[in-house]
Structures are given as C-alpha cells and as structure tokens.
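Residue numbers (the numbering used here): 137 to 435. Okay, structure first, notes after.
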C-alpha cells in the first residue's frame, strides 16, 4: 500500500488514478485551484484530510473517508462512485453526492444543496444533513438517527426505510414509492403528496395539509399536530393517537382518531368512500354523507 501523508496538493488531477493507497493529514488546496484530485482512483483510505478544491472523487471505487473536511469550495465532491464510506466527516460543498452506489454515511454533517441525487443503496447512520431536494430520485435508502433539515426532501425516492429520525422539512416524500418511516418526527407542510405505499409507524406529524393524493397510505399509532385538511383524495388506513385538526374528502379506506376537529365532505371531484371514526364511535363516512345528500336532493 502506498502511504501519502502531510502533503499539500493544488494541481489538477494531482493523484489521478491512484490505487491501493492511504492518504493521511493531507490538504487539497492552493493557488493552482486544481480539480479532480483523485478521479478514477480505487482502494483508498483517506484520513484527517482537508478538501478545498472541486470534484476530488469522481468515478472512484472502494474508498473510505474518515475525519475529513470538505469546504464550501469543494463542490460536487463525490460523483459516480461505488462502494464508499464516510465517517465523522464534514461536507459543505453543493451537490456533494450524486449517482453513487453502495454508500455508507456515518456520523457525518452535510450542508449541501442538491445532496444525494440519483443514488442507489445508501445507508445513513446518525449525523445531520441540511439540503434542498435531498436524495432526489434515489433508490434503496436507509437512515437511522438522522437529523434532517431542508425543503423538498426525498422526492421520487423508491424503497426506503427511516428509523428514529427528525425531519424539519417541506414537501417531503412527494411521489415516493415503498417508503417506511418509524419512530420519527416529521415537521413541515404538505407531507407525502402523490406517494405510493408510504407507511408511517409511531411517528409524530406536524404541519398543514399532509398526505393528500396518496395510494396505499398507512399510519400506525401516529400523532398529529396542526394537521388540517388531511388525507384529501387519499386511499388510506390511519390509526391516530390524539387529535386531527381536520380531515378533508379522503377517497377510500379507514381513519380512526381520538378526536377530529372537523370533517369536510364537500366540493369533492371524486367519490369519497372512506370511513372516518372517533375511537369506537363512527361519526361520519363519506358514503353516508353522499347518500344523505342524494336523498335530500330527491325530496
């Protein structure tokens, strides 16, 4: 194994096609402002390094980054890579991760707009991510203990599982397919619209107009806060602990809660056949309401 330590690299492609190497306490910075420092490299261990130049790791394979810092100038840091792990790192450049496969991110802090686009087989453990449009069009994603903040997150994601995470976001999980979120807090507006097979288990959901136009939606023992105009035109099975501010025109399924502030069954452009219950007592269903309207109109 090649060992490179305590060196500074500023030239373009300074370590191009580097193989079987350990890089320790090195700095990628300087007046030459070089890019693509380790492009087309493989079998690397990168420890305690500092990156201040663009595109350092493209088309790389079998790379471990530990205790390293990527500044805001280190844009598009990891693209088209395979089998990469990041542990205790800082990632501050835009578009830090894209079209990568088999990536593990552990206890890492990322502040990176457009983070994680079109990736596959991504595992996130702990740490924090702040991003807009994070993980757009990604597949096979798992995250546990993640603290996430940003807008328009996880759109078009397929096959994902989240456990014990905190999300402070807006328009999260739009158009997702086969996503499960457990024991997490999701704060934001317009959660999960147009999703398919979204399952929320023991989650706390905060914010207006959640979970509309969904198919195969399931909520198991969840709590809601300030959730009004919920479930519009959704096919849903929901068991809610506590109160829902309002439910509007759910299309199909069953909604059970301890309390529902308002049930809105009007101005619908679809047939609403969902059953809406307040814990063992049926209050209204769309089907019953529609029948009453029809009978009234015939009189």
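Beta carbons: idealized from backbone N, C-alpha and C, even for Gly. Bear in mind that the values here come from a model prediction, so they are computed numbers and not experimental data.
Nonlocal neighbours in the same chain, by C-beta distance under 6 Å from residue 199, ignoring five residues either side: Position 63 of the chain shown, counted from the start, is the residue given in the question as residue 199. Around residue 199: 180 and 220.
Beta-carbon proximity of residue 193 to residue 174, cut-off 8 Å: Walking along the chain shown from the start, residue 193 turns up at place 57. Walking along the chain shown from the start, residue 174 turns up at place 38. Cβ distance < 8 Å, so residue 193 and residue 174 count as in contact.
Buried/exposed call for residue 384, threshold 16 Cβ in 10 Å: In the chain shown, counting from the first residue as 1, residue 384 sits at position 248. Residue environment for residue 384: buried (at least 16 other C-beta atoms within 10 angstroms of its C-beta).
Which of helix, strand or coil DSSP assigns to residue 323: Residue numbering aside, residue 323 sits at position 187 when the chain shown is read from its first letter. In this structure, DSSP gives residue 323 an extended state, which the three-state scheme calls strand.
Cα-Cα separation, residue 225 to residue 233: The count along the chain shown starts at 1 and reaches residue 225 at position 89. The count along the chain shown starts at 1 and reaches residue 233 at position 97. One C-alpha to the other measures close to 13 Å.
Unbroken stretches of the beta strand (DSSP E), 3 residues or longer, contained in the region 184-245: 197-202, 218-223 and 237-242
Enclosing beta strand (DSSP E) for residue 360 [first to last residue]: As a working mapping, residue 360 is identified with position 224 in the chain shown. Where residue 360 is concerned, the enclosing beta strand (DSSP E) starts and stops at 353-361.
Rounded separation between residue 369 and residue 401 - CA only: Stepping through the chain shown from its first residue, residue 369 is reached at position 233. Stepping through the chain shown from its first residue, residue 401 is reached at position 265. The alpha-carbon atoms of residue 369 and residue 401 are separated by roughly 11 Å.
Neighbourhood of residue 395 by C-beta, 6 Å cutoff - its chain only, sequence neighbours within 5 removed: Residue mapping note: residue 395 aligns to position 259 of the chain shown, counting from 1. Cβ neighbours of residue 395 beyond the five flanking positions: 379.
Span separating the alpha-carbon of residue 271 from that of residue 358: For this step, residue 271 is matched to residue 135 along the chain shown. For this step, residue 358 is matched to residue 222 along the chain shown. Approximately 25 Å between the Cα atoms of the pair.
Proximity below 8 Å, CB of residue 415 to CB of residue 381: Here the question's residue 415 lines up with position 279 in the chain shown. Here the question's residue 381 lines up with position 245 in the chain shown. No; because the gap between Cβ atoms is not below 8 Å, this pair is not in contact.
Cβ shell of residue 144 (< 6 Å), same chain only, five flanking positions each side left out: Taking the chain shown and counting its residues from 1, one reaches residue 144 at position 8. If we look at residue 144 and ignore the five residues flanking it on each side, its Cβ neighbours are 163.
Residue(s) in a DSSP beta bridge with residue 409: Within the chain shown, numbered from 1, the residue matching residue 409 stands at position 273. According to DSSP, which records beta bridges pairwise, residue 409 is partnered with nothing at all.
Residue 281 vs residue 262 beta-carbon contact at 8 Å: In the chain shown, the residue the question calls residue 281 occupies position 145. In the chain shown, the residue the question calls residue 262 occupies position 126. Cβ distance < 8 Å, so residue 281 and residue 262 count as in contact.
For residue 331, the residue or residues it bridges with in DSSP: Along the chain shown, read from residue 1 onward, the residue named residue 331 stands at position 195. Residue 331 is not bridged to any residue.
Residue closest to residue 172, alpha-carbon to alpha-carbon, out of 190, 184 and 408: Locating residue 172 in the chain shown gives position 36, counting from the first residue. It is 190.
In DSSP terms, what residue 158 is bridged to: Here residue 158 refers to the residue found at position 22 of the chain shown. According to DSSP, which records beta bridges pairwise, residue 158 is partnered with 139 and 181.
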